[in-house]
Amino acid sequence: MNQRAKTLRLVLGDQLNSQHSWFAHVDHDVVYVLMEVRQETDYVLHHAQKILAIFAAMRDFARCLREGGHRVRYVAIDDESNRQSLTENLAALATHYGAERLEWQSPDEWRVDAQLREWAEAQSLSTCEVDTEHFFTGRHDLATMFAGRKQWLMERFYREMRRRFNVLLDDTGGPESGQWNFDHDNRKPWRGTPPEPADARPVHDHQALWLTVERSGVKSFGEAQAGEFRWPLNRTEALACLDAFIEQTLPHFGDFEDAMSSSHQRLFHSLLSFSLNVKMLNPREVIDRAEAAYRHGRAPLPAVEGFIRQILGWREYVRGIYWAQMPGYASCNVLNHDAPLPSWFWSGKTQMRCLQLAIGQSLQTAHAHHIQRLMVIGNFALLAGLSPDEVHRWYLGVYIDAFEWVELPNTVGMSQWADGGRIATKPYVSSAAYLSRMSDYCKGCHYDSKQRVGERACPYNALYWDFFTRHIDVFGRNPRLAMVYRQLAKMDAEERDALRMRAAQVRASLETL
Ligand code: FAD
Ligand code: DLZ
Numbered sequence: 033m034n035q036r037a038k039t040l041r042l043v044l045g046d047q048l049n050s051q052h053s054w055f056a057h058v059d060h061d062v063v064y065v066l067m068e069v070r071q072e073t074d075y076v077l078h079h080a081q082k083i084l085a086i087f088a089a090m091r092d093f094a095r096c097l098r099e100g101g102h103r104v105r106y107v108a109i110d111d112e113s114n115r116q117s118l119t120e121n122l123a124a125l126a127t128h129y130g131a132e133r134l135e136w137q138s139p140d141e142w143r144v145d146a147q148l149r150e151w152a153e154a155q156s157l158s159t160c161e162v163d164t165e166h167f168f169t170g171r172h173d174l175a176t177m178f179a180g181r182k183q184w185l186m187e188r189f190y191r192e193m194r195r196r197f198n199v200l201l202d203d204t205g206g207p208e209s210g211q212w213n214f215d216h217d218n219r220k221p222w223r224g225t226p227p228e229p230a231d232a233r234p235v236h237d238h239q240a241l242w243l244t245v246e247r248s249g250v251k252s253f254g255e256a257q258a259g260e261f262r263w264p265l266n267r268t269e270a271l272a273c274l275d276a277f278i279e280q281t282l283p284h285f286g287d288f289e290d291a292m293s294s295s296h297q298r299l300f301h302s303l304l305s306f307s308l309n310v311k312m313l314n315p316r317e318v319i320d321r322a323e324a325a326y327r328h329g330r331a332p333l334p335a336v337e338g339f340i341r342q343i344l345g346w347r348e349y350v351r352g353i354y355w356a357q358m359p360g361y362a363s364c365n366v367l368n369h370d371a372p373l374p375s376w377f378w379s380g381k382t383q384m385r386c387l388q389l390a391i392g393q394s395l396q397t398a399h400a401h402h403i404q405r406l407m408v409i410g411n412f413a414l415l416a417g418l419s420p421d422e423v424h425r426w427y428l429g430v431y432i433d434a435f436e437w438v439e440l441p442n443t444v445g446m447s448q449w450a451d452g453g454r455i456a457t458k459p460y461v462s463s464a465a466y467l468s469r470m471s472d473y474c475k476g477c478h479y480d481s482k483q484r485v486g487e488r489a490c491p492y493n494a495l496y497w498d499f500f501t502r503h504i505d506v507f508g509r510n511p512r513l514a515m516v517y518r519q520l521a522k523m524d525a526e527e528r529d530a531l532r533m534r535a536a537q538v539r540a541s542l543e544t545l
């Protein structure tokens with residue numbers, strides 16, 4: 033075959049979409065380029081499983097393309113010719129193939145988007161950016177929808193999306209069963225029944241690949257193959273996981289969406305975020321499958337609506353926020369929080385059992401579900417006044433599904449309120465009472481969830497009241513927090529002092545909690 037190629041097409045590690053129109057026809061003038069590069073492994077310290085999953089999935093994708101007859105150039109992390117930079121490799125490959133044209137799909141991250149555009153401007157090659165054909169909305173649709181409005185609301189956006197894409201509507205065009213949102217039904221604690229479905233994810237062994245990654249000098253944290261490395265690494269595997277979720281798990285998703293258990297980590301979550309974010313699965317097909325389960329009487333409406341809201345609502349919404357707010361969004365810090373992350377974020381070794389379990393699980397499996405991320409880890413970080421940038425970098429590194437477009441708004445906005453309420457109309461914080469109600473984490477903890485002051489009092493309690501006292505200027509007039517401030521006002525001075533002192537003690541000893 034002729035070595036030369038007219039066109040190079042870049043496929044990034046989170047663009048493994050075999051359904052993309054690029055791949056509908058084989059063209060021998062086109063070479064698809066995938067590269068494992070230090071630029072992408074090292075821009076933040078990553079969990080070992082995230083690197084491994086992306087590399088293994090990229091390698092499998094390249095294999096499938098070759099099997100489909102496409103020409104592929106795969107640059108492995110240890111290739112001698114690898115310049116470890118997306119654009120430097122592209123320049124070298126364009127020369128190698130005598131290419132006249134370079135095409136790429138819109139990157140999801142601002143950083144890579146800017147890099148490719150800037151580089152392309154300085155090239156004599158003709159360039160072309162195409163859509164990823166993945167999301168429901170364009171990058172700037174959300175900003176257009178809310179142009180001129182002070183308050184952007186997810187719920188408004190979500191209803192509009194349901195109408196626009198005809199999801200869970202009745203014959204009149206209204207919401208199925210007359211109700212848009214079943215959030216209030218979806219808050220049950222889990223006490224052991226129904227049983228957690230078996231883990232349908234495939235087990236992989238990528239020891240050899242991991243050795244190559246390590247030998248190439250890539251730094252990481254977390255466990256690479258802790259017992260089992262089980263993430264879907266191609267579309268066939270992802271579709272099998274989707275099938276299993278729809279059949280066995282979705283019916284209970286709603287009831288236990290916010291529940292946490294020390295013995296059962298997955299409960300009724302889909303664990304589809306990695307497959308979705310690297311685009312092995314399309315959100316439209318996931319939503320269609322969930323809606324069909326409801327229409328065929330195999331899953332109740334509150335569960336299906338709750339699940340669809342996460343994907344059609346939150347996932348598209350945070351992406352719109354990201355593109356509307358970048359590049360400044362990454363440095364938001366409205367509450368001026370600047371405490372460094374305690375070292376136990378990297379080991380899980382703290383006496384607070386909820387954090388020990390949620391962080392421990394994250395380090396072991398590169399996953400934690402939404403309430404663990406928001407109400408255990410994020411809640412503590414916000415109450416303790418940790419630096420939102422450090423918190424963001426931890427979340428971006430640790431989770432298998434973390435890509436900045438979705439992680440940053442969730443961390444900096446929803447979880448740390450560092451954007452001043454752009455996403456969350458009030459901060460997601462709680463005392464130990466919430467954690468104790470929604471999980472069994474407090475049982476057997478070194479700290480007492482019921483005590484507010486004293487050495488053994490759960491740190492969340494004093495921190496909670498201290499947070500609202502410290503930030504009364506920001507939150508004191510928020511009508512959604514009126515109750516909190518009424519409760520604070522009812523406390524006598526002695527009680528408030530004791531809480532303040534306990535909180536100060538906790539904040540001074542974060543490292544040893
Ligand atoms: P399920 O509970 O089964 O939900 C189904 C799907 O809905 C998910 O796969 C995901 O695609 C989507 N979804 C649910 N909640 C959200 C949300 N808030 N924003 C966007 N999509 C959502 N999600 C990521 O995909 N990547 C991240 O980097 C990420 N970082 C987060 C950081 C913080 C601080 C918080 C609070 C949440 C974060 N989330 C992130 C959202 C959510 O926690 C994960 O999507 C979810 O836990 C993934 O597990 P799952 O597939 O089992 O989700
Ligand atoms: C996350 C990641 C990692 C760890 N490594 C690579 C890589 O070596 N090559 C690659 O193309 N993509 C990788 N990715 C995913 C990218 O970070 C992601 O594609 C961009 O940030 C755009 O969203």
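Numbering (this note's numbering), first residue to last: 33 to 545. Ideal Cβ positions, reconstructed from N, Cα and C, are used throughout, including at glycine.
Just how far apart, CA to CA, sit MET33 and HIS60?
Only weak support is given to the placement of MET33: the predicted model assigns it a pLDDT of 48, under 50, and the question is left unresolved by the model.
Is TYR106 helix, strand or coil by DSSP?
Three-state result, TYR106: strand.
With respect to 8 Å, is the separation between the Cβ of ILE278 and the closest non-hydrogen atom of the ligand FAD below this value?
Not so, every heavy atom of the ligand FAD lies at least 8 Å from the Cβ.
Kindly give me the distance between the Cβ atoms of SER138 and GLU161, rounded to whole angstroms, as I take these residues to be in contact under 8 Å.
Indeed they touch by this definition, with Cβ atoms about 6 Å apart.
Within 10 angstroms of the Cβ of GLN357, are there 16 or more other Cβ atoms? Answer buried if so, exposed if not.
It counts as buried.
Answer yes or no: the CB of THR38 versus the heavy atoms of the ligand DLZ, is any distance below 8 Å?
Correcting the residue type first, residue 38 is Lys in the shown sequence and not Thr. Because no heavy atom of the ligand DLZ lies under 8 Å away, the Cβ of LYS38 does not count as near it: no.
With ARG233 as the anchor, note down where its alpha helix (DSSP H) starts and where it stops.
Here ARG233 belongs to no alpha helix (DSSP H), and DSSP marks it neither H nor E.
Might you give, ordered along the chain, the residues of its own chain that have their beta carbon closer than 7 Å to the beta carbon of GLN537, omitting 5 neighbours on each side?
Correct list: empty, nothing qualifies.
In whole angstroms, give me the CA-to-CA distance for ARG105 and ALA94.
Rounded to the nearest angstrom, the two C-alpha atoms are 8 Å apart.
Between the beta-carbon of ALA464 and the beta-carbon of SER481, is there less than 9 Å?
Going by C-beta atoms, ALA464 is nearer than 9 Å to SER481.
Put GLN81 into one of helix, strand or coil per three-state DSSP.
Residue state, collapsed to three classes: helix.
So the alpha helix (DSSP H) GLN357 belongs to, where does it begin and stop?
348 to 357 is the span of the alpha helix (DSSP H), which, as asked, contains GLN357.
What are the start and end residues of the beta strand (DSSP E) that includes TYR64?
Element bounds for TYR64: 62 to 67.
For ILE504, count neighbouring Cβ atoms within 10 angstroms of its own Cβ and tell me buried if that reaches 16, exposed if not.
Exposed, by the Cβ-count rule.
Measure the alpha-carbon distance for ARG454 versus ALA37 and round it to whole angstroms.
Computed Cα separation, rounded: 47 Å.
To which residues of the same chain is PRO207 closer than 8 Å at the C-beta, ignoring the five residues directly before and after it?
Same-chain partners within the cutoff: ARG191, ARG194, LEU200 and LEU201.
Quick one: is the Cβ of VAL69 within less than 8 Å of any heavy atom of the ligand DLZ?
Because some heavy atom of the ligand DLZ lies under 8 Å away, the Cβ of VAL69 counts as near it: yes.
What did DSSP end up calling MET33 once you bin it into helix, strand or coil?
Bear in mind that the predicted position of MET33 carries a pLDDT of just 48, short of 50, making it unreliable; the figure below should be weighed with that in mind. Coil at MET33, not helix or strand.
Report, in whole angstroms, the separation of the C-beta atoms of PHE261 and GLY338, which I expect to be a contact under 8 Å.
Wrong, their Cβ atoms sit about 29 Å apart, outside the cutoff.
Could you name the residues of the same chain whose beta carbon sits closer than 8 Å to that of PRO226, not counting the 5 residues immediately before and after it, in chain order?
The residues are HIS284.
For ASP320, does the count of other Cβ atoms within 10 angstroms reach 16, so buried, or fall short, so exposed?
Result: exposed.
Measuring alpha carbon to alpha carbon, tell me which of LEU542, HIS52, VAL350 and VAL43 ends up nearest HIS166.
If we check each option's Cα against that of HIS166, HIS52 comes out closest.
With a threshold of 8 Å, establish whether the CB of ARG143 neighbours any heavy atom of the ligand DLZ.
ARG143: yes, Cβ under 8 Å from the ligand DLZ.
Determine the direct distance from the alpha carbon of PRO229 to that of ALA146, and round the result to whole angstroms.
Using only the alpha carbons, I get a separation of about 43 Å.
Identify whether VAL366 lies in helix, strand or coil by the three-state DSSP scheme.
Coil at VAL366, not helix or strand.
Can you tell me the Cβ-Cβ gap for MET470 and MET186, rounded? I've got them flagged as a contact below 8 Å.
Going by Cβ atoms, the distance from MET470 to MET186 rounds to 22 Å, so no, they are not a contact pair.
Under DSSP, the alpha helix (DSSP H) around TRP242 begins and ends at which residues?
Element bounds for TRP242: 239 to 247.
With a floor of 3 residues, list each beta strand (DSSP E) that falls wholly inside the segment 132 to 209, ordered by position along the chain.
Within the segment 132 to 209, the complete beta strand (DSSP E) runs of at least 3 residues are 133 to 137 and 158 to 162.
Just mark ARG488 as buried or exposed, buried being the case when its beta carbon has 16 or more other beta carbons within 10 Å.
Label assigned to ARG488: exposed.
My guess is that LEU313 and LEU304 are in contact by the Cβ rule of under 8 Å, so how many angstroms apart are they, rounded?
Contact holds; Cβ gap of about 6 Å.
Using 8 Å for Cβ pairs, my map puts GLY392 next to GLY380. What's the rounded Cβ distance?
About 4 Å separates the two Cβ atoms, so the contact holds.
Would you call the segment 344 to 359 and the segment 79 to 98 touching, i.e. three or more CB-CB distances under 8 Å?
Output reads no: the segment 79 to 98 does not touch the segment 344 to 359.
Using the beta-carbon count (16 or more within 10 Å), is MET533 buried or exposed?
The residue in question, MET533, is exposed, as its Cβ has fewer than 16 Cβ neighbours within 10 Å.
Applying the criterion that 16 or more other CB atoms from any shown protein chain within 10 Å of the CB defines a buried residue, is VAL444 buried or exposed?
It is buried - the Cβ of VAL444 has at least 16 other Cβ atoms within 10 Å.
Pick from ALA89, PHE412 and GLU135: whose alpha carbon is nearest that of SER50?
If we check each option's Cα against that of SER50, ALA89 comes out closest.
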